[in-house]
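Read left to right, the sequence shown gives residues 164 to 470 (my numbering).
By construction, the Cβ of each residue, glycine as well, lies at the ideal position given by its N, Cα and C atoms.
Let me begin by presenting the structure, written as structure tokens, before commenting on it.
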Amino acid sequence: MQRISNFWNSLLFLDIFGNRIFHRFSLMNNTITIHTQDQYPITATLFEPENANGKLLLVNSATGVKQQTYYSFAQHFANLGFVVITYDYRGVALSKPDQLKGFKASMRTWGNTDYKAVTDFIEEHYPNHRKFLIGHSVGALILGMNKGSEIFEKFCFVATQNTYFGHLSPRIKMLGLLGFGLYQPVLTRVKGYFKTYFVNLGESLPKGVSDDWRTLIMNRKSVNRLLEKTENFSKNLHQEVLYLNMQDDDWITETGMKLLMNETYVNMKPIYRTVHPNESNGEEIGHINFFRAKHSKLWSIVFDWFS
């Protein structure tokens, strides 16, 4: 990992009596803890470049996907001069509580509280950096829940869409109906949280998160239905977005992508790009593997966009 600059060692202050106090952002090696407005500790990882280019890249994770999945991608961009931040939403990986059963969290909390805490952190500590964001799956869907999304100059979306099951391919449609129409409500009622191995996507999730995921798939309004339940800033976003989908990602359809932009992010300016496995090493990319080191050849697509 890259060294931590002396800037972070300066996050120690004195109160009016001369006692040593710590800012709400604490640091250990390259791991930082960002406390949200409701004082939940979100664990993030900071990648600082040796030769900075004045740009910052925030990585918004997919549902239940650990931030470690993005570490190789983040380190690559740090080597190119970017400050890069990865983080886990509450209930996931390094931001997970001791017990998921009964833990209160939702995708809306991820957007209007956890993601907001990270953008507040960026505004406070990197006010002069040019700021960019890559949103993977739900990491793009939560942008409209946080006014802080306006700080970013450009976006890159990866493997995301309006996920209503009616737009999915036949096989994935059936998986969605079984997984979220039957399995999810029964399992969460019994266990108090959602084990995602049935749909083969990410870690186990708090019940409220899986309930929102069920809404995305079972409700025709999909992400717009979630936005009706929280502050909605989606129409404030006018940035350009490079919209990447993987040719072998069974979860993503052209209809779902176009609906996300035409019905949710109506003022954004999308450029669509399909990525084929033969542009890399020919191995499966699917819904997750774009960010794995074996497909690092593809990362120049994102670098060129943010350059």
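I'd like the list of long-range same chain contacts for residue i, defined as Cβ closer than 6 Å, with 5 residues on each side in sequence excluded.
| i | result |
| --- | --- |
| R383 | Y327 |
| N216 | G244 |
| R388 | T378 and N382 |
| F240 | L220 and V247 |
| F396 | G307 and K310 |
The beta strand (DSSP E) with residue i in it runs from where to where?
| i | result |
| --- | --- |
| I197 | T194 to H198 |
| N408 | E403 to M409 |
| K310 | Careful: K310 lies outside any beta strand (DSSP E) and carries neither H nor E. |
| R220 | Going by the sequence as given, residue 220 is Leu instead of Arg. Per DSSP, L220 belongs to the beta strand (DSSP E) from K218 to N223. |
| R436 | K432 to V438 |
On the premise that residue j lies in contact with residue i, defined as a C-beta separation below 8 Å, what is that separation, rounded to the nearest angstrom?
| i | j | result |
| --- | --- | --- |
| Y428 | L400 | 6 Å |
| V301 | I205 | Going by Cβ atoms, the distance from V301 to I205 rounds to 16 Å, so no, they are not a contact pair. |
Quick one: grab the DSSP three-state call for residue i.
| i | result |
| --- | --- |
| G274 | helix |
| F245 | coil |
| I305 | coil |
| Q165 | The predicted position of Q165 is uncertain, since its pLDDT is 32 and thus under 50; a value taken from the coordinates is nonetheless stated next. In this structure, Q165 counts as coil in the three-state DSSP scheme. |
| V386 | helix |
| V228 | coil |
| P290 | coil |
| A322 | coil |
| Y233 | helix |
Excluding the five sequence neighbours on either side, which residues of its own chain have a C-beta within less than 7 Å of the C-beta of residue i, listed in chain order?
| i | result |
| --- | --- |
| I380 | T326, Y327, F328, G339 and F343 |
| G181 | Residue confidence is low: G181 scores 38 on pLDDT, short of 50, so the model does not pin down where it sits. Its coordinate-derived value is still stated next. None. |
| F318 | L296, G298, Q402 and V404 |
Starting from residue i, trace the alpha helix (DSSP H) both ways and give me its first and last residue.
| i | result |
| --- | --- |
| H299 | No alpha helix (DSSP H) contains H299, which is instead part of the beta strand (DSSP E) from R293 to H299. |
| T206 | From DSSP, T206 is part of no alpha helix (DSSP H) but of the beta strand (DSSP E) over P204 to F210. |
Please name the residue in the options whose C-alpha comes closest to that of residue i.
| i | options | result |
| --- | --- | --- |
| K310 | R293, E394 and T199 | E394 |
| F315 | A322, S332 and N291 | N291 |
| G307 | P348, W376, E391 and L368 | E391 |
| Q200 | D277, Y406 and I464 | D277 |
Report all residues from its chain with a CB closer than 8 Å to the CB of residue i; omit the five preceding and five following residues, and keep chain order.
| i | result |
| --- | --- |
| Q165 | Because the pLDDT at Q165 is just 32, under 50, the model does not fix this residue reliably, and the value given afterwards should be weighed accordingly. So the list reads N193, F210, E211, P212, E213, Q238 and A241, once near-sequence residues are dropped. |
| I415 | A322, T323, Q324, N408, M409 and H450 |
| H458 | S443, N444, E446, I448 and N452 |
Taking CB distances under 8 Å as the criterion, tell me whether residue i reaches chain D.
| i | result |
| --- | --- |
| A280 | This model lacks chain D altogether; it includes just one protein chain. |
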